[in-house]
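Heads up: the sequence shown begins at 49 in my numbering, then just goes up one per residue. Don't be surprised by glycine CBs; every beta carbon is placed ideally from N, CA and C.
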Amino acid sequence: MREFSKAFLWGAAASAPQTEGHSLRNGKSASTWDEWFKLAPEKFNEQQGPEDTSNVYEEYHEDIQRMKELGMNSYRTSIAWTRLLPDGHTINQEGAAFYKSYFSELKANGIEPIINLFHFDMPWWLMDKGGWEVRESVEAFAFYAKTAFDLFGDTVTYWTTFNEPLVHIECGYLYGYHYPAIVDFKKAIQVGYHTLMAHVRAVEEFRRLQNDSGQIGIILNISPAYPKSQSAEDLKAKELADLFNTSSFLDPAVHGTIPKKLIAVLKENGLIPVTEEQDKALIKANTVDFIGLNYYQPRRVQAPTDTHFPAETPEDFYLPYDLPGKRINPYRGWEIYPEALYDVAVMMKEHYNNIPWYVSENGMGVAEEEGFMDEHGMIQDDYRIDFMKEHLRELHKGIQAGSNCFGYHTWTFVDCWSWLNGYRNRYGFYRVAIEDDFKRSLKKSGLWYKELIEKNGFSD
Ligand code: BGP
49 MREFSKAFLW GAAASAPQTE GHSLRNGKSA STWDEWFKLA PEKFNEQQGP
99 EDTSNVYEEY HEDIQRMKEL GMNSYRTSIA WTRLLPDGHT INQEGAAFYK
149 SYFSELKANG IEPIINLFHF DMPWWLMDKG GWEVRESVEA FAFYAKTAFD
199 LFGDTVTYWT TFNEPLVHIE CGYLYGYHYP AIVDFKKAIQ VGYHTLMAHV
249 RAVEEFRRLQ NDSGQIGIIL NISPAYPKSQ SAEDLKAKEL ADLFNTSSFL
299 DPAVHGTIPK KLIAVLKENG LIPVTEEQDK ALIKANTVDF IGLNYYQPRR
349 VQAPTDTHFP AETPEDFYLP YDLPGKRINP YRGWEIYPEA LYDVAVMMKE
399 HYNNIPWYVS ENGMGVAEEE GFMDEHGMIQ DDYRIDFMKE HLRELHKGIQ
449 AGSNCFGYHT WTFVDCWSWL NGYRNRYGFY RVAIEDDFKR SLKKSGLWYK
499 ELIEKNGFSD
């Protein structure tokens, strides 16, 4: 039997734009997702847009009872900036009341809310001014963060500033998957820097409130980079991949410094962003209380070929490496490598002061899941149970080795909308029938999770 600590957090994660629905109603203004969907609906799987997410805006009472039924003691979601502050300044009272009621009801049912502030959903009014490209976005975010802390600080203990900042940077400014779908390395770095400063300013606002019982962190998608070989070139590629993808946010968040090596590489390549004088001190002074790490797949890298100097893309520093014979989730195309969770646990212990951290997302997206439905209408998702078990085994090993991990959240609770992929890949413990008023039905993995929580562990 692999047991976890008494206070271990068991739960699931989601985000406002992927679950709430009512995306342009009830006082909410448009985010980049709402506008992009209007501009180019053909980019979205089956033209499923952000309006069509799982209707949590109305269904949260029932969803909370479903969480309780599984025994979950925590749940992460986000606030939509555009719902709380539709024009960036004025509180949408209906939106504020919705969040207040949602978070209080979670708490009243013994489910600790972990509330995130930004999950890829840039307000359109701010994007119009340049979004994260402009410094103004840092102060706009700090104001939003302060407003949220003021309004909900008495209900919410655990806050996070950003979910996977690397994703809006890469997808929006390097690889074309998110609006504005620009390809520009220098802009990507500037966007990353402003994101970091927005995070830091939010932490500063949080500390000013002197809410001693509250805690603040950031959620990062992390995997140590695994090199193709031990050759000097591949190892250099690994080092650079780690610098850009792991230490870029983790070092400032935990240690209060941007890695010197990263600064040197950016300098050499003419990629240094515009900064302000006080930034260094702000970063130093505003480290976090805890870290959330999302883990789905490992990052494998090899030495680049045909490089440019100065670098034009991250591929001038490292290339992805496709490991022959790797295990794969064929639906999502992602490698399955649970061992990385152990490595991450050890990395947190050895390089990040053993700061408290938790697995803030882990899960398996499967397309056409209705094919696994039994005669009673229950999805028999044994593959998801195996996936969780394998990852929990590695996590447990990491905790036994002394890593300070306090929880495990799956992605996700009820199948949710996933950006350009719409409802293609399903991740939930509950299936959502989008064609039938978003009706929920429990999958086998939900029953397994319930048992896991009851026993606070599992046997192999
Ligand atoms: C993470 C995001 C989530 C979620 C998840 C699953 O990166 O934080 O928002 O979408 O990945 O990935 P996908 O939905 O792309 O299959």
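Judged by pairs of C-beta atoms under 8 angstroms, the region 59-71 touches the region 121-136, as three or more such pairs exist. Less than 7 angstroms separates the beta-carbon of residue 460 from that of residue 475. In terms of side-chain proximity, the C-beta atom of residue 212 is found nearer than 6 angstroms to a non-hydrogen atom of ligand 1.
Distance between residue 441 and residue 498, taken at the CA atoms: about 17 angstroms. In this structure, the beta-carbon distance from residue 79 to residue 171 falls below 7 angstroms. The three-state secondary structure of residue 263, taken from DSSP, is strand. As summarised for the region 98-150, the continuous beta strand (DSSP E) elements at least 3 residues long and confined to that stretch are 122-126, given in chain order. Between residue 348 and residue 369 a beta carbon distance of about 4 angstroms is seen, short of the 8 angstroms cut, so the two are scored as contacting. When secondary structure is reduced to three states using DSSP, residue 457 falls in the strand class. Between residue 134 and residue 77, the C-beta gap is smaller than 7 angstroms, which places the two residues in contact. Counting the other CB atoms within 10 Å of its CB gives residue 107 a total of 16 or more, which places it among the buried residues. Per DSSP, residue 72 lies in no alpha helix (DSSP H) and is assigned neither H nor E. Counting along the chain, the unbroken beta strand (DSSP E) around residue 162 starts and ends at 160-166. In the DSSP assignment, residue 231 forms no beta bridge with any residue.
Taking residue 481 as the centre and dropping the five residues before and after it, the same chain places the C-beta of 487 closer than 6 angstroms to its C-beta, in chain order. Here the C-alpha atom of residue 438 lies approximately 13 angstroms from the C-alpha atom of residue 500. The shortest C-alpha to C-alpha distance from residue 365 to any of 351, 429, 371, 373 is the one to 351. The alpha-carbon separation between residue 285 and residue 231 amounts to approximately 22 angstroms. For residue 80, the enclosing alpha helix (DSSP H) stretches over residues 80-87. Within the model, the alpha-carbon separation for residue 344 versus residue 254 is close to 30 angstroms. Between residue 292 and residue 266 a beta carbon distance of about 17 angstroms is seen, past the 8 angstroms cut, so the two are scored as non-contacting. Where residue 405 is concerned, the enclosing beta strand (DSSP E) starts and stops at 405-409.
Residue pairing by DSSP puts residue 506 in a beta bridge opposite 50.
Under the three-state reduction of DSSP output, residue 368 falls in the strand class. Residue environment: residue 375 is assigned as exposed (fewer than 16 neighbouring CB atoms within 10 Å of its CB, all protein chains considered).
Collapsing the DSSP output to three states places residue 490 in a strand. Here DSSP, grouped into helix, strand and coil, assigns residue 62 to coil. A distance of 7 angstroms or more separates the beta carbons of residue 234 and residue 221. Linking residue 144 to residue 454 through their CA atoms gives a straight-line distance of about 30 angstroms.
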